[in-house]
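Under my numbering, read the sequence shown as residues 73 to 377, first letter to last.
In this text, a Cβ means the ideal position worked out from N, Cα and C, and glycines have one as well.
Computed from a predicted model, the values in this text were never measured in an experiment.
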Amino acid sequence: MTSLYDIIHSTLQTQDVVMKQQDIGVLRVSGLDAKKFLQGQTTCDLNKLSQTNGLYGAICSIKGRIISNFYLVQRNDDVLMLMTKDLVEKTLLHLKKYAVFFKTELINEQDNYAVYTKLSAKSTEVLAPEQATLFTVDQKNDIATLTISHEPLLVQWLISSQDNTAIAEKNQDLAPLAILNARPLINLEQSETILPQWLNMQSTAGISFTKGCYTGQEIVARMQYKGKSKKQLALVTWQGHIDTTKDIVDEQGKSVGQVFSSTQIKDTYYAQIILNVEPNEVEQLLLDNKEIILLPLPYALDSKK
Numbered sequence: 073m074t075s076l077y078d079i080i081h082s083t084l085q086t087q088d089v090v091m092k093q094q095d096i097g098v099l100r101v102s103g104l105d106a107k108k109f110l111q112g113q114t115t116c117d118l119n120k121l122s123q124t125n126g127l128y129g130a131i132c133s134i135k136g137r138i139i140s141n142f143y144l145v146q147r148n149d150d151v152l153m154l155m156t157k158d159l160v161e162k163t164l165l166h167l168k169k170y171a172v173f174f175k176t177e178l179i180n181e182q183d184n185y186a187v188y189t190k191l192s193a194k195s196t197e198v199l200a201p202e203q204a205t206l207f208t209v210d211q212k213n214d215i216a217t218l219t220i221s222h223e224p225l226l227v228q229w230l231i232s233s234q235d236n237t238a239i240a241e242k243n244q245d246l247a248p249l250a251i252l253n254a255r256p257l258i259n260l261e262q263s264e265t266i267l268p269q270w271l272n273m274q275s276t277a278g279i280s281f282t283k284g285c286y287t288g289q290e291i292v293a294r295m296q297y298k299g300k301s302k303k304q305l306a307l308v309t310w311q312g313h314i315d316t317t318k319d320i321v322d323e324q325g326k327s328v329g330q331v332f333s334s335t336q337i338k339d340t341y342y343a344q345i346i347l348n349v350e351p352n353e354v355e356q357l358l359l360d361n362k363e364i365i366l367l368p369l370p371y372a373l374d375s376k377k
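Here it is as structure tokens:
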């Protein structure tokens, strides 16, 4: 487990990774009431959004299921919502139902912005817990750099106009390592099927439990303080191709989870999975009759379930 991360860190010490994200779209929210409007619609606290601080959050249904989740970046007076491209239109149509009561405008900007993933070796600087979950933004030369994760590697998103030639892609073959930041975005197929806590959003600053009401807030809060669900996001790795559509089972063959997303570098696979049990409750995890190995999360899980 440790040796794997040592290998990743040493690899990125000498070379950064930059790759354009073809599956990320941008929804721009503008107008005097942009942040006030989003405050009543999202799980995160818009009062903490600024030119230098980004946010991670979600819009939920009345049942507390995630309609879409995203990163938020403020550019001047506009709020950019960065999400999977196939959810931009659904999110826009959902928000339009409420936007009529505010001085705000929703614009699908996926043809005007480009988003790149940049991976670097993690800093040797020791971060306080609150710093590790603060999504900082550096805005220079028409590029907004959103820092998403510091462990086990530095993961940043570079957001720019589509015609910006200042960003050069390099070492794209290592870009799948970004999955290890364990702060996923859902896609259209997964929309309205997942609670925020199942993606550990309570532990990655994706949910504010003090900001006040938003759609689905009662369900999300109840799950945090009174819920009994053990579902949570975990990271795993294995060697060689296996069928990721099958259930993950324990040593006794009992289903204990499913693969949320997976990627590979050569013959090594990495996956985010949603477990139905606490990781320490199982001795072995099997997928398609092959053992998969748990990796440490880059953050501590909130103890309240």
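Who are TRP310's beta bridge partners in DSSP? To locate residue 310, count along the sequence shown from 1; it is residue 238. Note: TRP310 sits in a beta bridge opposite TYR341.
Mapping the DSSP letters down to three states, classify LEU110 as helix, strand or coil. Within the sequence shown, numbered from 1, the residue matching residue 110 stands at position 38. Of the three classes helix, strand and coil, the one that applies to LEU110 here is helix, per DSSP.
Taking the alpha-carbon of ILE314 as reference, which of GLU363, ALA247 and GLY103 has the nearest alpha-carbon? Numbered from 1 along the sequence shown, position 242 holds the residue referred to as residue 314. Looking at the Cα atoms, GLU363 is the closest of the given residues.
Would you tell me roughly how many angstroms separate the C-alpha atoms of LYS318 and VAL331, rounded to the nearest one? Translated into the one-based positions of the sequence shown, residue 318 becomes position 246. Translated into the one-based positions of the sequence shown, residue 331 becomes position 259. Their backbone Cα atoms lie some 8 Å apart in a straight line.
For ASN213, name the three-state secondary structure that DSSP assigns. Numbered from its first residue, the sequence shown carries residue 213 at position 141. Looking at ASN213 - three-state DSSP - the assignment turns out to be coil, as it is neither helix nor strand.
Best match in PHE142, LYS157 and LEU167 for proximity to GLN113 [C-alpha to C-alpha]: Working through the sequence shown from its first residue, we reach residue 113 at position 41. Minimum Cα distance to GLN113 is reached at LEU167.
Between which two residues does the alpha helix (DSSP H) containing TYR297 stretch? Indexing the sequence shown from 1 puts residue 297 at position 225. Segment 289-297, the alpha helix (DSSP H) holding TYR297.
Check whether the Cβ atoms of ALA247 and THR189 sit closer than 7 Å, and answer yes or no. Here the question's residue 247 lines up with position 175 in the sequence shown. Here the question's residue 189 lines up with position 117 in the sequence shown. Against a cut-off of 7 Å, the Cβ pair of THR189 and ALA247 comes out as a contact.
Contact between the segment 300-311 and the segment 278-285 (3+ Cβ pairs under 8 Å): no
Quick one: any contact between the segment 151-171 and the segment 120-137, if contact means 3 or more CB pairs under 8 Å? yes
So what's ILE251 in DSSP terms, helix, strand or just coil? Stepping through the sequence shown from its first residue, residue 251 is reached at position 179. Here ILE251 sits in helix by DSSP.
Would you mind giving the Cβ-Cβ distance between LEU99 and LEU178, rounded to the nearest angstrom? I have them listed as a contact below 8 Å. Within the sequence shown, residue 99 is the residue found at index 27, counting from 1. Within the sequence shown, residue 178 is the residue found at index 106, counting from 1. Contact flag correct, Cβ pair sits at about 7 Å.
Have a look at the DSSP bridge pairing and note the partners of GLN304. Numbered from its first residue, the sequence shown carries residue 304 at position 232. Note: GLN304 sits in a beta bridge opposite LEU347.
Alpha-carbon spacing of ASP105 relative to PHE174, whole angstroms: As a first step, residue 105 must be located in the sequence shown, where it is residue number 33. As a first step, residue 174 must be located in the sequence shown, where it is residue number 102. Going by the C-alpha atoms only, they are around 6 Å apart.
Check whether the Cβ atoms of GLN87 and ASN243 sit closer than 7 Å, and answer yes or no. The sequence position of residue 87 within the sequence shown is 15, counting from 1. The sequence position of residue 243 within the sequence shown is 171, counting from 1. Taking 7 Å as the Cβ cut-off, GLN87 and ASN243 qualify as a contacting pair.
Quick test of your reading: ALA216 and VAL145, contact by CB under 8 Å. State the CB separation rounded to the nearest angstrom. For the purposes of this step, residue 216 is taken as the residue at position 144 of the sequence shown. For the purposes of this step, residue 145 is taken as the residue at position 73 of the sequence shown. The Cβ separation is near 5 Å, so the contact holds.
THR74 by DSSP, collapsed to three states: which one? If you number the sequence shown from 1, residue 74 lands on position 2. Because THR74 carries a pLDDT of 43, less than 50, the predicted location of this residue cannot be relied on, and no value is offered for it.
Can you tell me which of GLU223, TYR185 and GLU290 puts its alpha carbon nearest to the alpha carbon of ASP214? Along the sequence shown, read from residue 1 onward, the residue named residue 214 stands at position 142. Minimum Cα distance to ASP214 is reached at TYR185.
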